[in-house]
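Taking it in order: structure first as structure tokens, then the write-up.
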Amino acid sequence: MPTFSARRAAAIMIALFAALSGMIGRVAYLQTFGRERTINSAERQQHLTEKLTSRRGCIYDSNGCLMAGTIQTQTLYVDPKFMQDSYSVEGKSLVTMDQDIRKLCKLIDKESYTLSQMLSDKYETRYLKIAENLDERAVDEILKLNIPGIGVQPQNQRYYPMGAIAAHLLGGVGKDDLGQQEKGLEGLELKFNKELAGKDGSQRVLKDARRRAIAVAAEDYFPPQHGQHLILTIDSNLQMISEQELARTCEEFKANRGEVVVMDPRTGDILALANWPSFNPQNLDDSTQEVRRNRCLTDPYEPGSTFKPFIAGPALREHITSVAEIFPVHGPHYRTSYGRKVTDVHGYDQLAFWDVLVKSSNIGMCMLGERMGNEKLNGAIRSFGFGHQTGIELPGEDPGRVNPLAKWTKYSTESVSQGYEVMVTPLQLCRAFCAYANGGHLVTPRVIKGSLASDGSIASRVESTSLQLMPQVLDPATAMEVRRVLCDVVVRGTATRARSKTWNIFGKTGTAHVSGGKEGYSDSKFTSSFMSGAPFENPRIVVTMIIHEPDKALAHYGGTVAAPGAAKLIDRALAYLQVPSSPDLPLPPAQVAAGLFNYSEKIYKIGTVASVKE
Amino acid sequence: MEDSIYRLRHADILTLCVMGLLALGVVMVQSASMNATGALEVRLQELKGQRTAALAKTTDAAQQAAIKKDFEARVAEVTTRFDERPTHWYWTPTGMKQLGFAIAAMMTFMAVGFFDYSKLARGPLWRNPIVWLVVVAAVTCAGVLVPGIGREMNGARRWISLGFTQFQPSEVGKWSLVIFLAYFISQRKVRIESFTRGFVPTLIPVVIVALLIVIQDFGTAALIAICTVAILVAGRARLWHLLIAAAPGLAAATWFVTHKAYRMKRMTAFMDPYADPQGQGYHMIQSLLSFSTGGVFGRGLGNGIQKLGYLPEDTTDFIFAVICEEMGLFGAALTIALYLGILYVSWQIMHQARDGFGRLLGFGIGAMIGLQALMNIAVATVSVPTKGLSLPLISAGGTGLIITCGALGLLHSVARHRHDAEEEERSALWETDSLALASAL
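Each protein sequence line maps, in turn, to chains D and L. When we follow the working numbering, the leftmost residue of the first sequence carries the number 1, and every step to the right adds one. When we follow the working numbering, the leftmost residue of the second sequence carries the number 1001, and every step to the right adds one.
Right, dumping it as structure tokens:
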């Protein structure tokens, strides 16, 4: 009897053969069709997609000084569940964990008791923020502790090293809807948000079971594109001078608010632009939306007498009048052909057109306006760009208001001649006045000089348009003539307090009644403004200072409120720019001088009259 | 047919398959241990070396105590705070050990192969080495259960420490039973057809050893049970005898599985591993993820991700998943082909061995290797419930490797010492028999 059955053994062997071979099929199935069920959880388990935060670009002034920058701080977070699990898996008691937490707390300045409490309270959460704004050294120390379940996340923090300087220009940032990325909310930060923000990158990290990064494949690495840096035309020193003078003036006269714009008339560069009251761009929550309005370009107002040069210039160019022409004003009251009453502050019997501007005679301007007619008036003010946006690279610019010609009435003739019935922004005013300082060209104001790529190479350069290519609104001779006339405003006109000992300033004051809507013009609320440039021979800066609603009990004339502040600003700015002191002013032509009111040659000597208020 | 050519060929195929599997095992164990755990082992070994060097320098007892204390503190620190990852290739301690064991196992295989297996079957029962082997196996299996002798690892008490190394008595038990069954059934005095005089005496030692093993290692016990049935079936035991014997066995096994909820859960978890992804299903899910991560082409040798702490038992029970992740379908086919090669040799031998003992031995050893490989791969591919079984010749482990190779050496020996003049005729008879079977199939 054989003790072995080959049939039975063969059957078993064949079954084993088949089963083992079948396993190849099973493996093949798991690797192909069975894969679809598991590949996603494998991906989730083995990889971690990290966001690589881009860095927001910086903003520099024209000298290369940092006005807005970004520092990267680290946020420390913890996964309490993972932490406690790891400690228990490694067979360590919770005592070890407590010791580690105590060490950690020493580094982040926190009570270890509070943190332990927090960790046990939020045991089930997988993400718990425990410290923010950590610097790199602290993070290094913390990571050295090697506590499981702890991680850091970089976070960008915008900061403004100059504090509140240029707040309205820069604006400010806030968290976006997700609360992750910084987003520009105001000013340049808003306007150039896309360029500044850059683009976030990402990487897909292979990690091991303890969540430690192992490797990043090249095809899984998308580096972040950091934001571009902006270079402004703003000079932070001039900006600071402007803000100081504006604030001083507003506080002295208890004004409601004030604006100042400083431009380079040769290029249209905005050198400084300020509003009072200001705010801190570092923390927008501290200020209201009202305060953050950049009123230099968002809020038009009725300019009053400061508007007169923009009618006088075209009138002289068209030879409608000449500076020597004598206007029979017979002040202080004047009745128009239809019986409207126009009043001057001082009553003069006769004034040369020169003095109409210098003394700011409303009656004289009305007479000129009547001579010009509505159509020419409209053409004159539109040629200076009023009623249109200037095209500055700042958000929320208002075009101002100039009625279409069809809507002009007989009242308009006198109103516009005195600077009413039109609304202009301080920026428009400043830009238009540049035409008198640069020989009649209408410049385009700009704040951006260029931008740098994140690596420091030049990304774009905004060349200032050559003056010759800018639209010519006045011929150089007329511009020069009006400029000379306006020099007399500070010498013997409405703004003698604005006279400088060193430089010849030319300017025009304005004292406008604030319109109260239906109630008509207020007798107690004024807008005092001074529009000026210096030095006369080769104007380097144009300054427009507007003070809204100064306390009438103190003063309200443009010549007393805004002019001294603006003059002080000019003095300091020109000293900073190292502009050579001016020679004596050229005397007015003899035939003009003959008709001038209380004329004396002595008064034109530079430095003889010290009228700038210290 | 030239006998000499055949004789050489079967033994050589077996040698090649064993060498191939051992080599694959060394490579894969090394690869699977190239992770943070492997790096930690290296660090611990460094520390041990430093301690030994420091101890050798001084004879002062106080200083030595200080050194020991310092060493313990550093070990504790390293184990809790370890954060190093392998950055370059080096031999991991596990890989190094596996290489040493593989070489030792290969030498065992060759040595046993030169020895004539039939000498084992001589002599009376009480002086027979096979019987004594079973006795030793039973004693050591019982010894494991004694707390002082048995050593616990990964929550299971399966090892006995021999000082320089540890060994797993269940391995010895498993193979001793295969050899014993082949020997006992082929004895002329034993009539396996008889229930009381053949079947039951054969089964008694099997049951004793299996019962000792089942307490510590259910997987191995199940493997022994299935393999015993296979050998008894091939050894012409009556099938109804087997049914009678299997009934209480099955009942006991069913009770064993069902009376503890966690065992039941473990048995059914493979149906839906995602029901308890962090608990019972964890091993299976991680194994499945290995297959999907690797795909058909694999991630490349050494590039596995799942071994980085995700896949548990990556050098032992689930090494097949690592092979598939890194080498894709090719790795799976290669591994299985090598096992099929052993099965083929075993098939050939069981037809051509010179006596019944040789045939049963050839069959039993082949079946045992094949079954264990099948069960391990089935577990790794989540085709059956999880059992703690290693992949023979590949999984990390010292004694298992050497003992398995010893058994395969017997197979080798059967292949080498096949022909005897008196057996030639019968051998021809077997061949026609199997040919008839093949044509019938």
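Positions of the beta carbon are idealized from the N, C-alpha and C atoms, including for glycine.
| Asked | Found |
| --- | --- |
| CB contact below 7 Å: ARG1009(L) versus chain D | no |
| Contact test: LYS376(D) Cβ vs the ligand ATP heavy atom, cutoff 6 Å | Absence of the ligand ATP from the depicted structure is noted, as is the absence of any ligand whatsoever, leaving it without description. |
| Interface flag, ARG1418(L) vs chain D, CB-CB below 7 Å | no |
| Proximal residues of chain L, C-beta to C-beta of GLN99(D) below 8 Å | Those within 8 Å of GLN99(D) in chain L number zero; the least Cβ separation is about 11 Å. |
| Sub-7 Å separation of VAL216(D) and GLN225(D) beta-carbons | no |
| Chain L contacts made by the segment 6 to 33 of chain D, where a contact means CB separation under 8 Å | ALA6, ARG7, ARG8, ALA9, ALA10, ILE12, MET13, ILE14, LEU16, PHE17, ALA19, LEU20, SER21, MET23, ILE24, ARG26, VAL27, ALA28, LEU30, GLN31, THR32 |
| Identity of the residues DSSP links to SER582(D) by a beta bridge | According to DSSP, SER582(D) bridges with nothing at all. |
| Proximal chain D residues relative to TYR1310(L), where beta-carbon distance stays under 7 Å | GLN45, ALA209 |
| Member of PRO309(D), GLY163(D), ASN256(D) whose CA lies at the smallest distance from the CA of GLN239(D) | GLY163(D) |
| For PRO1129(L), three-class secondary structure by DSSP | helix |
| Residue interval of the alpha helix (DSSP H) (run including VAL416(D)) | 410 to 417 |
| Beta carbon proximity, ILE1365(L) to chain D, threshold 7 Å | no |
| Complete runs of the beta strand (DSSP E) confined to the segment 1251 to 1336 of chain L [at least 3 residues] | none |
| CB contact check: GLU1422(L) to chain D, cutoff 7 Å | Unreliable positioning characterises GLU1422(L) in this predicted model, as indicated by a pLDDT of 46, which lies under 50. The coordinate reading is nonetheless provided below. Closer than 7 Å: no. |
| Contacting positions in the segment 192 to 216 of chain D - beta carbon closer than 9 Å to chain L | LEU206, LYS207, ASP208, ALA209, ARG210, ARG212, ILE214 |
| Per-residue contacts from CYS1324(L) into chain D (C-beta, under 9 Å) | VAL27, LEU30, GLN31 |
| First through last residue of the alpha helix (DSSP H) which encompasses LYS106(D) | 94 to 108 |
| Inter-residue CB distance, THR70(D) and GLN157(D) (contact presumed, cutoff 8 Å) | 7 Å |
| C-alpha gap between ASP523(D) and HIS168(D), whole angstroms | 31 Å |
| 7 Å Cβ cutoff, LEU1360(L) in contact with chain D | yes |
| Beta-carbon neighbours of ILE39(D), restricted to chain L and to distances below 7 Å | SER1292 |
| Cβ shell of VAL1382(L) (< 8 Å), same chain only, five flanking positions each side left out | PHE1270, PRO1273, MET1284, SER1287, LEU1288 |
| As assigned by DSSP and simplified to three states, the class of LYS264(D) | Checking the sequence, you will find Asp at residue 264(D) rather than Lys. In this structure, ASP264(D) counts as coil in the three-state DSSP scheme. |
| Under 7 Å between C-beta atoms of SER1290(L) and LEU1311(L) | yes |
| 7 Å CB neighbourhood of VAL173(D) in its chain, flanking five on each side removed | ARG158, GLU182, LYS183, GLY184, LEU185, GLU189 |
| Residues from the segment 1330 to 1352 of chain L in contact with chain D, defined by Cβ distance under 7 Å | ALA1332, ALA1333, ILE1336, TYR1339, LEU1340, LEU1343, TRP1347, MET1350, HIS1351 |
| Delimiting residues of the alpha helix (DSSP H) encompassing ILE231(D) | Where ILE231(D) is concerned, there is no enclosing alpha helix (DSSP H), although the beta strand (DSSP E) it sits in stretches over 229 to 232. |
| Nearest-angstrom Cα separation, counted from LEU1099(L) out to MET955(L) | Absent from the model: residue 955(L). The displayed extent of chain L is 1001 to 1441, so no value can be given. |
| Euclidean distance between Cα positions of ASN294(D) and ARG102(D) | 50 Å |
| Closest Cα partner of GLN1280(L) within the set THR1293(L), GLY1113(L), ALA1261(L) | ALA1261(L) |
| Span of the alpha helix (DSSP H), counted from its first residue to its last, around ASP619(D) | No answer is possible for residue 619(D): the residues shown for chain D start at 1 and end at 614. |
| Other residues of its chain near CYS487(D): CB distance less than 6 Å, five sequence neighbours each side excluded | ASN504, PHE506, PHE536, LEU585 |
| Span separating the alpha-carbon of CYS105(D) from that of LEU1374(L) | 54 Å |
| Contact with chain D by VAL1296(L), beta-carbon distance below 7 Å | yes |
| Host beta strand (DSSP E) of MET545(D) (start-end) | 541 to 548 |
| Contact with chain D by TRP1258(L), beta-carbon distance below 7 Å | Looking at the sequence itself, residue 1258(L) is Thr, so the reference to Trp does not match. It does not; no Cβ of chain D falls within 7 Å. |
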